[in-house]
Structures are given as structure tokens and as C-alpha cells.
Amino acid sequence: MNPSDYTVGWIAPLSLELTAARHMLDVEHSEVTNNEHRYIAGKIGDHNVVIGIQSKMGTSAAADLAARMRRACPNIEFFLVVGIGGGVPSYGPAGDVNTIVLGDVVVSSPRGNHGGVFTYDTGAWVEDGQLSNTGHLNGPPSELSAAVGSLRSRHDGSQGTKIPQYLAQMRTKLNESARARFEDQGADNDRLYQSYFPHPHDEPNELCDNCCDSSFCTQRSKRGEGAGRAVDTPKVHYGNIASSNQLQVSATMRDRIAAEHQAICFEMEGAGVIQNHPCLVIRGICDYSDSHKNKRWQSYAAATAAAYAKELLLSMAPAAVAGEAEPLRPLSARESGQVQHITFGSNNQGLQSGNIYGGVSGLTFGGK
1 MNPSDYTVGW
11 IAPLSLELTA
21 ARHMLDVEHS
31 EVTNNEHRYI
41 AGKIGDHNVV
51 IGIQSKMGTS
61 AAADLAARMR
71 RACPNIEFFL
81 VVGIGGGVPS
91 YGPAGDVNTI
101 VLGDVVVSSP
111 RGNHGGVFTY
121 DTGAWVEDGQ
131 LSNTGHLNGP
141 PSELSAAVGS
151 LRSRHDGSQG
161 TKIPQYLAQM
171 RTKLNESARA
181 RFEDQGADND
191 RLYQSYFPHP
201 HDEPNELCDN
211 CCDSSFCTQR
221 SKRGEGAGRA
231 VDTPKVHYGN
241 IASSNQLQVS
251 ATMRDRIAAE
261 HQAICFEMEG
271 AGVIQNHPCL
281 VIRGICDYSD
291 SHKNKRWQSY
301 AAATAAAYAK
311 ELLLSMAPAA
321 VAGEAEPLRP
331 LSARESGQVQ
341 HITFGSNNQG
351 LQSGNIYGGV
361 SGLTFGGK
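Residue 306 in the UniProt record's numbering sits at position 306 of the sequence shown; the count goes up by one each step and never skips.
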């Protein structure tokens, strides 16, 4: 395949997310190479998909990867950022509360003043010591929004979702040890701690079973009817995703940001992609965005997110990917990381400032 034949960019931030993505492909092609970079490539339905993995976590690394992938495959028309995230345990108004459990999927969808993804670690510090968020990120492109809406209505009907089918198919491609990690980890292993009860700071890597008081923990079975799930039947949620370069480990901050911004998920990559590229963020929930972290649910959460992404692509006619979207504009120096020469104004008086993106070949002050 020619690199120009690939029209869907799939970003898998971590290696376990790459495993889930790779084994969702119907057909795997030879790798796409561009200088020192290599990308997994293949087909889902009639869509040619190229998959990239980040070198490190964070929004900046995600932005860099998206720019590199688009240089390697210039006809990428949109990106899917697919992986794991932390969930908000419940959301919605009184009388219409939705419950998120481990293994569920969250899809970025505009709510309130946000386009589906927003940053919560940038803005302006105000007098009361709080960070006032001032930025607004782009929403998903119209063709993806329409596809998400159509698939959502299908899930609400008698046909339901094909996520369980795609999970089962994916696991047949894995070896025995990997297969166990990518299976549903079971309701008994889904534990939600009270917001005011943090994991001991002196035991950050110790399992909660060994150092956390179980009386502050609520099992899934005690969280009401909305928390019930059959094996391999995650619920898909739609709403704002909070994105940051920092790992979210504070239940108190989680609850505050959720209340202020209608956030239902926290992650660390989406904002780096969606501001400069057409993008949808899809996250499988592996924890509750608090200090009680463990890796047990990560692989399964990566798989449920990848299964939703596959179902979404298969619901879209190839023309919606290959021919109908407007051509993407050329990359700016900011997006591509190209070397720039920075010139500050000829006025030598007072304070001058400027934003620098990518490499810098030189600086000029006070003139051209």
C-alpha cells in the first residue's frame, strides 16, 4: 500500500493500547515507514488505517505524533485517539443519573461550553488561588459527529452494540497470557472508594487490598441497578473529556472539575491532537480518576475503547472517509515542529513576548 492510501489515523498512546488497536484490524499491511518512524497499518472494513504509538505520555507528545503521522500519510482526514482513561463514577442531574463502571467507554461529545475535550491545567490564576480555564478546544468534525450519533441510536435499538463480538474476535488473535489480561476483570474487582478517602501517600505502589480500609469501598453490586453489566457488555457514555499533562489522582479535584465542566472522563493526550487536527477521543475506563490506581483493568479498558472505534469505523461509509471531507490544510510550523527564526519587534522599549513552537534556528531582537 502507498502511504497516501491511508485516510484514518489511529493514535494509541501506550503499548497495551497498541496491542488492542492492532488486533482490531481485519487485515494487517506492511508497516508504513517515514525516516526513523514506523507505523502499524491495516484495514478495518473498507477503511485504510495507520496506527501510531507515542514515545511518552502527554498532550505535547500526542500533538507531535499526529503531525508526524500526517507527514507520513498526507491523506489522513481525521484521527481517533483511542486508549484508557479515568472515569467520573456518576454524572447527570437528579433523577437521570448515569453510572460509569470500569471497562465502560467514553466518547468525546460536546456538552455545555466545551466541544467534547477541554484542558483543565491551562488558563489564568485568579485571586482565590484557583485556575480559571480560558481555552476552548475544537469539537469533532461533522462527519464523525454524525457517525457517533447514528451509532448511538443503533445501540439504543434492538440491534444493540457489536462491542462484545469484536472483543471476542480480538482475543482469538492473542496468546494465552495476553488473552487473560484483555478479558473482562469482573464486577468483584471493580471497587470505588469514597472521595474523601485517599490511598496512603507512603504506599503509592501498594495494592489497595493491602493498605486501604475496605469499609470506605463500595463494590459494583452495591452501586445500584445502573452499575450492573453482563460480561463483555460495557456501556458507552458521551460527554466532555478533561485532558491534561498531569495524571489525575485527586478525587476531590475530579468531583470539582466534573461539576464545573460536565466532565465524565480524564486523560492525557486528546487536547494535543484535537486543537490542530480533526479528531475524536475514545476512552475505556480503567480507574476512577483518584489515588486508588492499579493496572488490573487497563488492558480490558484499552480493548473496549478499540472495539468501539472499530464499530464506529464499520458504521461509516468509505466515502465519508475517503472523499467527502475537505482536504486538510498544510501544517503550520507550530504543528509540524519545523525550525523557525523568531523575530521580535523593532521597538526596543518595554517587555516583548512571543510563543515558540518546535525548533529555533535563531532569534532577532530590535529589528529584522
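Ideal Cβ placement from N, Cα and C applies to all residues, glycine included.
Rounded distance between the beta-carbons of residue j and residue i, thought under 8 Å
i, j, result
"residue 116", "residue 139", "5 Å"
"residue 101", "residue 280", "Actually they are not in contact, since the Cβ atoms of residue 101 and residue 280 sit about 22 Å apart, beyond 8 Å."
"residue 24", "residue 310", "5 Å"
"residue 150", "residue 315", "6 Å"
"residue 239", "residue 262", "6 Å"
"residue 283", "residue 241", "7 Å"
"residue 187", "residue 220", "4 Å"
"residue 118", "residue 137", "6 Å"
Buried/exposed call for residue i, threshold 16 Cβ in 10 Å
i, result
"residue 234", "buried"
"residue 36", "exposed"
"residue 70", "buried"
"residue 50", "buried"
"residue 172", "exposed"
"residue 225", "exposed"
"residue 109", "buried"
"residue 63", "buried"
"residue 54", "buried"
"residue 176", "exposed"
"residue 38", "exposed"
"residue 12", "buried"
"residue 15", "exposed"
"residue 67", "buried"
"residue 56", "exposed"
Check whether residue i and residue j have beta carbons under 8 Å apart
i, j, result
"residue 88", "residue 10", "no"
"residue 148", "residue 80", "no"
"residue 273", "residue 105", "no"
"residue 223", "residue 192", "yes"
"residue 141", "residue 72", "no"
"residue 243", "residue 267", "yes"
"residue 52", "residue 65", "yes"
"residue 182", "residue 90", "no"
"residue 76", "residue 313", "no"
"residue 78", "residue 318", "no"
"residue 232", "residue 164", "yes"
Residues of its chain near residue i, where Cβ-Cβ distance is below 6 Å and the 5 sequence neighbours each way are ignored
i, result
"residue 258", "88"
"residue 98", "91 and 92"
"residue 155", "161"
"residue 34", "72"
"residue 46", "318"
"residue 286", "84, 297, 298 and 301"
"residue 114", "240"
"residue 190", "101, 102 and 220"
"residue 293", "287"
Residue range of the beta strand (DSSP E) that includes residue i
i, result
"residue 371", "The chain is shown only over 1 to 368; residue 371 falls outside these bounds and no answer can be derived."
"residue 300", "Counting along the chain, residue 300 falls outside any beta strand (DSSP E), though it belongs to the alpha helix (DSSP H) covering 298-315."
"residue 243", "236-243"
"residue 191", "191-193"
"residue 108", "105-108"
"residue 371", "As shown, the chain starts at 1 and ends at 368. That puts residue 371 outside it, with no answer to give."
"residue 40", "37-44"
Cutoff 7 Å; reference residue i; Cβ partners in own chain excluding five residues on either side
i, result
"residue 5", "48"
"residue 227", "99, 101 and 220"
"residue 218", "192"
Start-to-end residues for the alpha helix (DSSP H) that takes in residue i
i, result
"residue 155", "142-156"
"residue 15", "15-22"
"residue 53", "Counting along the chain, residue 53 falls outside any alpha helix (DSSP H), though it belongs to the beta strand (DSSP E) covering 47-53."
"residue 287", "Per DSSP, residue 287 belongs to no alpha helix (DSSP H); it is in the beta strand (DSSP E), 279-287."
"residue 257", "251-261"
"residue 137", "Residue 137 -> no alpha helix (DSSP H), and no H or E assigned at all."
"residue 59", "59-72"
Cβ-heavy atom distance, residue i to the ligand PLP, below 7 Å
i, result
"residue 155", "In the structure on display, the ligand PLP does not appear, and there are no ligands present to speak of."
Sequence-distant residues of its chain with Cβ nearer than 8 Å to residue i (five each side left out)
i, result
"residue 170", "20, 23, 24, 182, 303, 306 and 307"
"residue 369", "Any answer about residue 369 is impossible in this case: the structure gives the chain only from 1 up to 368."
"residue 41", "1, 6, 28, 29, 30, 31, 32, 48, 49, 50 and 51"
"residue 58", "245, 268, 269 and 272"
"residue 60", "245 and 272"
Proximity test, Cβ basis, 8 Å: residue i and chain E
i, result
"residue 162", "Here chain E cannot be found, since the structure has a single protein chain."
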